[in-house]
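J.: Position 204 of the sequence shown, counting from 1, maps to 203 under numbering that gives the first Met the number 0, and the rest follow consecutively.
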Amino acid sequence: MNVQRWSMAALVLALLLAFYTMGTIACGGGDDDDDDDASDDDVDDDDSDDDSDDDTADDDTGDDDTEPPCDETTRPMILMHGYLAASDTYANTSMRFASNGYCLDRIWTFDYDTLAFLPTQNRLALRNLIDDVLEETGVDQIDLAGHSMGGGYGFYILEDEDYGPKIAHYAHIASSGSDDPPDAAPILNLYSEADTIIDDKVVAGATNVDLMDQDHYQVATSPEAFEEMYKFFNDGEEPATTDIVPSSTIELSGRVLSLGANEPQADAIVKIYAVNPDTGERLAEKALAEFHSDENGYFGPYDAEPNTYYEFHVSNVGEDGLSVHYYREPFVRSNDLVYLRTLPPEDTFAGKLLEDVEFADDHAVVVSFTANQALVYERDTFTIDGHDMATEDIAAPENTTIAIFYFDTDGDKESSYERYNKLVWNSPFLQGVDHYIDASTPRAIPLVFNGRQLTVRNWKSKSQGVSIAVFD
0 MNVQRWSMAA LVLALLLAFY TMGTIACGGG DDDDDDDASD DDVDDDDSDD DSDDDTADDD
60 TGDDDTEPPC DETTRPMILM HGYLAASDTY ANTSMRFASN GYCLDRIWTF DYDTLAFLPT
120 QNRLALRNLI DDVLEETGVD QIDLAGHSMG GGYGFYILED EDYGPKIAHY AHIASSGSDD
180 PPDAAPILNL YSEADTIIDD KVVAGATNVD LMDQDHYQVA TSPEAFEEMY KFFNDGEEPA
240 TTDIVPSSTI ELSGRVLSLG ANEPQADAIV KIYAVNPDTG ERLAEKALAE FHSDENGYFG
300 PYDAEPNTYY EFHVSNVGED GLSVHYYREP FVRSNDLVYL RTLPPEDTFA GKLLEDVEFA
360 DDHAVVVSFT ANQALVYERD TFTIDGHDMA TEDIAAPENT TIAIFYFDTD GDKESSYERY
420 NKLVWNSPFL QGVDHYIDAS TPRAIPLVFN GRQLTVRNWK SKSQGVSIAV FD
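#1: When the Cα atoms are used, what is the spatial distance from threonine 341 to valine 465?
#2: Unbroken beta strand (DSSP E) runs of length 3 or more, entirely within the region 252-317: which are they?
#3: Can you list, in chain order, the residues of its chain whose CB lies under 6 Å from that of glutamate 413, leaving out five sequence neighbours each side?
#4: Are the CB atoms of phenylalanine 109 and methionine 79 within a distance shorter than 9 Å?
#5: Measure the alpha-carbon distance for alanine 219 versus alanine 85 and round it to whole angstroms.
#6: Do you know whose CA, among Lys230, Asp234, Phe290 and Asn315, lies nearest serine 257's CA?
#7: Span of the alpha helix (DSSP H) holding threonine 92?
#8: Helix or strand or just coil, what does DSSP make of glutamate 250?
#9: Checking 9 Å against the spacing of the C-beta atoms, do isoleucine 186 and isoleucine 141 come in under that value?
#10: Following the continuous beta strand (DSSP E) through proline 445, name the residue where it begins and the one where it ends.
#11: Who are the near neighbours of glutamate 223 in its chain, counting only those whose CB is closer than 6 Å to its CB and skipping five residues on each side?
#12: Spatial neighbours of glycine 176 within its chain, please: C-beta separation below 6 Å, excluding the five flanking residues on both sides.
#13: Phenylalanine 368 and asparagine 449: beta carbons closer than 9 Å?
#14: Could you check which residue in Phe470, Gly235 and Asn334 has the C-alpha nearest to that of serine 98?
#15: On a CA-only basis, which of Val208, Ala124, Asp194 and Phe231 is nearest alanine 167? Give me that one, please.
#16: The beta strand (DSSP E) with glutamine 452 in it runs from where to where?
#17: Just the C-alpha distance for alanine 283 and tyrosine 272, rounded to the nearest angstrom, thanks.
#18: Taking the DSSP output, what are the residues bridged to isoleucine 383?
#19: In this structure, does DSSP put asparagine 425 in helix, strand or coil?
#20: To which residues does DSSP link arginine 418 through a beta bridge?
#21: For the candidate residues Asp87, Asn306 and Leu103, whose alpha-carbon lies nearest to that of proline 68?
#22: I need the straight-line Cα distance from glutamate 417 to arginine 456, nearest angstrom please.
#23: Can you find at least 3 beta carbon pairs, one from the region 285-298 and one from the region 261-277, that sit closer than 8 Å?
#24: Quick one: Cα of glycine 137 to Cα of proline 164, how far?
#25: Here's the rule I'm using: 16 or more other beta-carbon atoms within 10 Å means buried, otherwise exposed. How should asparagine 121 be labelled?
#26: What are the boundary residues of the alpha helix (DSSP H) that threonine 136 is part of?
#27: Would you kindly work out how many angstroms separate the C-alpha atoms of alanine 90 and phenylalanine 358, rounded to a whole number?
#28: Could you name the residues that DSSP lists as bridge partners for glycine 145?
#29: Check for me: the beta strand (DSSP E) holding valine 366 runs from which residue to which?
#30: Just the C-alpha distance for alanine 205 and serine 462, rounded to the nearest angstrom, thanks.
#31: According to the neighbour-count rule (16 or more other Cβ atoms, all chains shown, within 10 Å of its Cβ), is threonine 240 buried or exposed?
#32: Going straight from the alpha carbon of leucine 491 to that of arginine 327, what length do you get?
#33: Secondary structure at phenylalanine 502, three-state DSSP: helix, strand or coil?
#34: Does valine 375 come out as helix, strand or coil in the three-state DSSP assignment?
#35: Helix or strand or just coil, what does DSSP make of serine 86?
#36: Under 8 Å Cβ to Cβ from tryptophan 458, same chain only, skipping five residues before and after it: list those, please.
Right, here's the structure in full:
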């Protein structure tokens, strides 16, 4: 390992985290082409040239025809994610709005490179997206929300004399407070005293709501956060429900992006399999559906079945890109924010973050992703292969542990189940744990989070790919 290179990577990450916690940096990145009208390609259907679901690069939404008619008059909104995240931060929030009569094509999201320093390109892309939404929907104003690093974008837009007036309401979510915020629109400031990422949390003159014991991520994803956003965007009206109401049909679509940088992965192959929840094994050799992502990474739609565990296998993601197997809990409602992250190339900064992870065919690499909250010691439970991961070291509140990479951290082909503390791994959100998973004989790997189990397979990490368990 090149110690000097790792030291530089650690320094850059530390600087990014410093800007991140101030909520002021939002970084220009993936090609968010505002003129995107390419169709998603379901290659299992020879005539599947469906272009009805592509509006702009950052709008991956569409109406659910099987539900009662949604309200086309609701004000459109744009939702912005935070550091190392993407728009699937708002998957549950979007479904909750839809459960309360919002049309999904009124809910837009904004993906950006969270690892770049300069915000210029992303600011331009965001302004363009706002203009596109206004033009397409025919309204004069939108509602806007920014989580964490995305809050920097929110304040930037409110401060812009041309774009501030285009915002009707702004929700500032788990982002840095301000004694002198912009006053172009009313501000809802959602924060939590239990959030260990943000220090200064109050926004002067805003509607400040403390979500109490919720972690940094829950402040954006929880039912309570949705309820406050709904009331704020609708002049105090209470939502009919804070539940994600099951729908009679379930249509899935989403996007293939690189981790952290959110670079769209064009022409990625996405195969969908139903799996046995106890073993992770595919129920049939042939995929239920196969898609090629479009030039902006979008894929779908796919009509899913209720009460079914799915594997999304992503391949063809660059010359040396590893394939990824996503294991998902059953879907209950149409979801257009099914995001599939690929592992970044080694020659990128994001790739440097994972440089210590060895991918080889004698062992598997597994990742757990708690998509709507952190894993917190003494609050949550989590095991892999029966071993406790909700320890004080791995799941300390200050870690805000969202994703854990399980790999042989010291190369001894044994498992200590200890946290990997070297350099860039010793930071929020991403954690590494020493767990050697032999891949010579196929087997099931059970992961249990707060009583819910997902089972993945021990794929040969170099030739067959990485397993990721996503707990919604």
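Built from N, CA and C at the ideal position, the CB exists for glycine as well. These figures come from a predicted structure and were not determined experimentally.
T.: Per the coordinate set shown:
#1: If you number the sequence shown from 1, residue 341 lands on position 342. If you number the sequence shown from 1, residue 465 lands on position 466. Computed Cα separation, rounded: 10 Å.
#2: 268-274, 288-291, 297-303 and 308-314
#3: Locating residue 413 in the sequence shown gives position 414, counting from the first residue. Within the same chain, glutamate 413 has close Cβ partners Tyr435.
#4: Taking the sequence shown and counting its residues from 1, one reaches residue 79 at position 80. Taking the sequence shown and counting its residues from 1, one reaches residue 109 at position 110. Yes. Within cutoff.
#5: Position 220 of the sequence shown, counted from the first residue, corresponds to residue 219. Position 86 of the sequence shown, counted from the first residue, corresponds to residue 85. So the two alpha carbons sit approximately 12 Å from each other.
#6: Position 258 of the sequence shown, counted from the first residue, corresponds to residue 257. Measuring from the Cα of serine 257, the nearest candidate turns out to be Asn315.
#7: Numbered from its first residue, the sequence shown carries residue 92 at position 93. First-last of the alpha helix (DSSP H) with threonine 92: 90-98.
#8: Mapped onto the sequence shown, residue 250 falls at position 251. DSSP places glutamate 250 in strand when its eight states are reduced to three.
#9: The count along the sequence shown starts at 1 and reaches residue 186 at position 187. The count along the sequence shown starts at 1 and reaches residue 141 at position 142. Against a cut-off of 9 Å, the Cβ pair of isoleucine 141 and isoleucine 186 comes out as no contact.
#10: For this step, residue 445 is matched to residue 446 along the sequence shown. It spans 443-448 - the beta strand (DSSP E) in which proline 445 sits, taken as one unbroken run.
#11: Taking the first residue of the sequence shown as 1, we reach residue 223 at position 224. Counting only Cβ-Cβ distances below 6 Å, and skipping sequence neighbours, we find Leu210.
#12: As a working mapping, residue 176 is identified with position 177 in the sequence shown. So the qualifying residues of the chain are Asp199, Lys200, Val201 and Val202.
#13: Along the sequence shown, read from residue 1 onward, the residue named residue 368 stands at position 369. Along the sequence shown, read from residue 1 onward, the residue named residue 449 stands at position 450. For phenylalanine 368 and asparagine 449, no; Cβs fall outside 9 Å.
#14: Within the sequence shown, numbered from 1, the residue matching residue 98 stands at position 99. Selected option, being the one with the closest Cα: Asn334.
#15: Translated into positions along the sequence shown, residue 167 becomes position 168. Looking at the Cα atoms, Phe231 is the closest of the given residues.
#16: Taking the sequence shown and counting its residues from 1, the one referred to as residue 452 is at position 453. Residues 451-456.
#17: Counting from 1 along the sequence shown, the entry for residue 283 is found at position 284. Counting from 1 along the sequence shown, the entry for residue 272 is found at position 273. So the two alpha carbons sit approximately 7 Å from each other.
#18: The residue you call residue 383 lines up with position 384 of the sequence shown. BP columns for isoleucine 383 point to His386 and Leu446.
#19: For the purposes of this step, residue 425 is taken as residue 426 along the sequence shown, with counting starting at 1. Coil at asparagine 425, not helix or strand.
#20: Mapped onto the sequence shown, residue 418 falls at position 419. DSSP output for arginine 418 lists Val432 as bridge partner(s).
#21: Against the sequence shown, residue 68 aligns to sequence position 69. Taking only the C-alpha atoms, the option nearest proline 68 is Leu103.
#22: Residue mapping note: residue 417 aligns to position 418 of the sequence shown, counting from 1. Residue mapping note: residue 456 aligns to position 457 of the sequence shown, counting from 1. Going from the Cα of glutamate 417 to the Cα of arginine 456 covers about 22 Å.
#23: yes
#24: Your numbering for residue 137 matches position 138 in the sequence shown. Your numbering for residue 164 matches position 165 in the sequence shown. So the alpha carbons of these two residues sit roughly 15 Å apart.
#25: Residue mapping note: residue 121 aligns to position 122 of the sequence shown, counting from 1. The residue is buried, with at least 16 neighbouring Cβ atoms inside 10 Å.
#26: Along the sequence shown, one-based indexing puts residue 136 at 137. Unbroken alpha helix (DSSP H) run through threonine 136: 119-136.
#27: Along the sequence shown, one-based indexing puts residue 90 at 91. Along the sequence shown, one-based indexing puts residue 358 at 359. Whole-angstrom Cα-Cα distance: 30 Å.
#28: The residue given as residue 145 occupies position 146 in the sequence shown. For glycine 145, which the question treats as bridged, DSSP gives the partners Met79 and His171.
#29: Taking the sequence shown and counting its residues from 1, the one referred to as residue 366 is at position 367. From DSSP, the beta strand (DSSP E) with valine 366 extends over 365-369.
#30: On the sequence shown, position 206 is the one that residue 205 refers to. On the sequence shown, position 463 is the one that residue 462 refers to. One Cα belongs to alanine 205, the other to serine 462, and the distance between them is close to 52 Å.
#31: Numbered from its first residue, the sequence shown carries residue 240 at position 241. Label assigned to threonine 240: exposed.
#32: Because residue 491 is not part of the residues shown, which for the chain are 0 to 471, the question remains open.
#33: Missing from the structure shown is residue 502; the chain here goes from 0 to 471 and no further.
#34: Mapped onto the sequence shown, residue 375 falls at position 376. Note: valine 375 maps to coil in three-state DSSP.
#35: Residue 86 sits at position 87 when you count from the first residue of the sequence shown. DSSP places serine 86 in the helix class (H, G or I) of the three-state scheme.
#36: The residue labelled residue 458 in the question sits at position 459 within the sequence shown. Annotation for tryptophan 458: His324, Ala363, Ala438, Gly464, Val465 and Ser466 place their beta carbon closer than 8 Å to its own, counting only its chain and skipping 5 residues before and after.
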